[in-house]
Every structure is written in C-alpha cells, then in structure tokens.
Amino acid sequence: MFGAIEAGGTKMVCGIGMETGEIIRHTSIPTTTPEETMARIFEFFAGESIEALGVGTFGPVDLDPDSDTYGHITTTPKVRWANYPLYETLKSHFGVPVILDTDVNGAAFGEMKFGGAKDVSSCVYMTVGTGIGAGAVIDGELVHGMGHPEMGHILVRRHPSDDSNGVCPYHGDCLEGLASGPAIEARSGVKGHLLDETDETWDIEADYLAQALMNFALIIAPQRIILGGGVMKQQHVFPKVREAFKEKLNGYIQNQYVDNVETYIVPPTLGDFAGLKGALALAIYKEDIHHARR
Ligand code: ADP
Ligand code: ZN
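Residues in the sequence shown are numbered consecutively from 0, following numbering that gives the first Met the number 0.
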C-alpha cells in the first residue's frame with residue numbers, strides 16, 4: 000500500500016492506494032492551522048502500513064534537494080503555512096520515503112502513469128482554480144530546474160475588451176491575475192459557475208488560456224495539454240480554448256499532436272482524482288530525493 004496526499008490551501012485530500020493506481024480509501028480534511036490539519040491527516044493514516052507517501056502540494060514550496068529548507072512551504076498568503084516544514088513533519092511521523100512535489104507536477108505525473116497521457120511521454124497539466132499553476136513531464140521526467148516552474152504567473156497580452164485590473168497580489172495582470180476563478184469573479188461581479196455560457200467573460204477567459212497554452216507548446220513542446228481545476232468544469236470553454244489556440248498558433252507548429260487539437264487540449268481523465276492519483280503515482284514511481292542526498 001502507498002499513501003497519497005493532495006495538499007491544497009482549502010482542503011487536504013488523503014488516500015491509500017495500490018500500485019495499480021486504485022484508491023482504496025480516501026478522505027477530505029479542511030485546511031485550517033497546520034497543527035490541527037496535520038493531526039487529522041495522521042489520524043486518517045493511523046494503523047495503515049504504507050511503503051511510501053506521495054504528496055502533491057500547494058506552493059510555492061522549496062524543492063531544491065540540497066536546501067536546508069527542502070519541503071518547506073515558502074511564500075503562501077496562508078500566513079500560518081508560510082515557512083511550514085511539510086516534508087520534515089511528514090518524514091518524521093511516517094518514517095517512510097516521502098516524495099514531495101507541487102500539486103500540478105503530481106497531477107501531470109498521475110495523468111501520465113494512470114490517466115489521459117499514458118500514450119505519450121510529455122505533457123503539461125494546468126489547473127485553473129483559485130490560482131493557476133502548471134506542471135510538466137518531459138520525456139517521462141518531471142520538470143524541476145531550480146525548484147519548480149510557476150507557469151501560472153506568465154505574462155499574457157491583454158484582451159482588447161478586458162479593462163479589469165487583474166488580481167495577482169504579486170503581478171496584477173499576469174495569467175493568474177486575469178484568468179483564475181477570482182479574476183473571473185472580479186471582472187464579472189459573480190462567481191464563474193453562475194455566469195451564463197454566452198457571457199463574454201468566457202471568450203476573454205479562452206483567449207488568455209490559449210495564449211498560455213501557445214507559450215507552453217512553443218517553449219516545451221508537450222505532446223498533450225491537460226486542463227483541470229474548478230473553472231474548467233465549464234466544459235464549453237474547451238472548444239473556445241482550442242479554437243483560440245489554433246488561431247493564435249496560425250499553423251506554425253504542425254504535427255500529429257497539435258493538428259488534432261481535440262486530443263491535444265483535454266480535460267483530466269482522472270477527473271477529481273487527478274491530484275490524489277498524482278500523489279499516489281509519486282509514491283509508487285519516485286524516490287525520496289532529499290533523504291537520498293543526506
Ligand atoms: P482550488 O483551486 O482552491 O483548489 P478549485 O479548482 O475548485 O479549487 O477552484 C476554485 C475556483 O474555481 C473558484 O474561484 C471558483 O469560483 C471556481 N469554480 C469552481 N467551480 C466552478 C464552475 N463549475 N464553474 C466556474 N468556476 C468554478
Ligand atoms: Zn502573478
């Protein structure tokens with residue numbers, strides 16, 4: 000058995016799963032103070048014997064294996080979690096390999112092992128929810144570089160009819176600032192799920208997302224792009240994003256992947272389990288790199 004935690008700013012989804020990717024038991028715990036939340040997580044796993052624990056976490060998080068603050072949540076607006084030693088706390092409690100990565104890197108890896116990217120070796124997973132983040136698997140390996148990418152904060156060109164300010168506390172009108180759930184709400188005055196499908200906000204949304212996906216396609220050449228998160232529950236946005244993506248790319252890249260845009264830009268096949276199964280995939284397939292370096 001393997002343990003999996005999808006650690007989010009709103010909730011922590013915990014699960015026990017098998018090597019096949021099957022989740023045997025899971026629960027969702029609200030994210031409150033670190034002390035209270037961790038106690039409930041430990042309670043869920045009590046009495047289970049797990050071989051390894053995979054964790055896909057919100058961030059930013061220190062993922063430099065040589066860093067003294069490896070596995071600490073860094074600059075989160077959730078003040079009580081800022082600088083929280085997530086890796087150390089889990090490692091000392093469970094005493095098994097703990098494989099930590101970002102929630103979106105986990106989701107990208109999970110889709111590759113168990114979901115809609117099983118037939119390719121490179122993919123990008125982008126979530127559009129309270130924030131925007133993306134993870135990438137290239138040639139079978141998760142992209143880390145100096146830590147982990149922060150593709151949600153890339154710069155996009157303004158849509159001509161968008162005069163909203165942008166809600167990113169760091170950059171104002173970056174991608175997250177203009178296209179996250181809160182950005183949609185700030186622009187239109189209502190939450191996304193209450194907006195009519197014909198509302199112009201969705202055209203603006205699709206334009207920003209398509210710009211981001213074009214950049215991803217140009218920079219890292221993934222063979223598939225998966226879009227998840229609360230906002231993407233609006234299925235009607237997918238055709239709009241695909242159309243805008245094709246239009247912007249304007250035939251510049253032509254290959255078996257991009258040419259079939261319906262299978263290039265897709266929802267997660269693991270659905271609401273993308274995060275948890277991603278964490279499970281980390282536990283099964285990855286090493287505890289920090290521990291190995293010590
Ligand atoms: P989180 O990012 O906090 O983990 P979600 O991915 O569910 O959680 O994202 C929450 C954001 O997505 C909120 O801003 C919410 O308004 C928006 N959202 C959730 N469900 C929908 C929906 N069905 N349609 C449009 N927007 C939605
Ligand atoms: Zn930003």
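Note that CB positions come from ideal geometry on N, CA and C, so glycine has one too.
At which residues does the beta strand (DSSP E) containing residue i begin and terminate?
i, result
"L248", "Where L248 is concerned, there is no enclosing beta strand (DSSP E), although the alpha helix (DSSP H) it sits in stretches over V236 to L248."
"F1", "F1 to A6"
"R223", "R223 to G227"
"G53", "L52 to T56"
"I137", "I131 to I137"
"K10", "K10 to G16"
"Y86", "Here Y86 belongs to no beta strand (DSSP E); instead the alpha helix (DSSP H) covers L85 to F93."
"Y169", "Y169 -> no beta strand (DSSP E), and no H or E assigned at all."
"M125", "C122 to V127"
Could you please give the first and the last residue of the uninterrupted alpha helix (DSSP H) stretch that includes residue i?
i, result
"R24", "Taken as a continuous stretch (DSSP letters only), R24 belongs to no alpha helix (DSSP H), being part of the beta strand (DSSP E) at I22 to P29."
"R186", "G180 to S187"
"L193", "L193 -> no alpha helix (DSSP H), and no H or E assigned at all."
"D100", "Run containing D100: none in the alpha helix (DSSP H); it sits in the beta strand (DSSP E), V97 to T101."
"T262", "V260 to Y263"
"T36", "P33 to F44"
"T200", "T200 to I219"
"Y284", "A273 to Y284"
"A81", "Careful: A81 lies outside any alpha helix (DSSP H) and carries neither H nor E."
Does the beta carbon of residue i fall short of 7 Å from some heavy atom of the ligand ADP?
i, result
"G134", "no"
How close, in whole Å, do the beta carbons of residue i and residue j come, if the pair is a contact with beta carbons under 8 Å?
i, j, result
"F1", "G70", "Between G70 and F1 the Cβ distance is about 18 Å, and since that is not below 8 Å, they are no contact."
"G176", "G229", "About 17 Å; that fails the 8 Å criterion."
"S163", "A185", "6 Å"
"Y207", "H152", "Contact doesn't hold; Cβ gap of about 13 Å is too wide."
"L275", "I22", "6 Å"
"G14", "A3", "5 Å"
Strictly under 8 Å for the Cβ-Cβ distance: is residue i near chain C by that measure?
i, result
"L269", "The structure shown has no chain C; it contains just one protein chain."
Is residue j closer than 8 Å to residue i when the C-beta atoms are compared?
i, j, result
"P148", "V142", "yes"
"K117", "M111", "yes"
"F57", "D100", "no"
"E196", "H235", "yes"
"K247", "Q210", "yes"
"V123", "I224", "yes"
"A273", "A106", "yes"
"I49", "M11", "no"
Collect the residues with a C-beta less than 6 Å away from any heavy atom of the ligand ZN and give them in sequence order along the chain.
-> H152, C167, Y169, H170, C173, E175 and G176
Can you tell me which residues fall inside 7 Å of the ligand ADP, judged by beta-carbon distance to its nearest heavy atom, and keep chain order?
G7, G8, T9, T126, G128, T129, G130, S179, G180, P181, I183, E184, K190, G191, H192, G228, G229, V230, K232 and Q233
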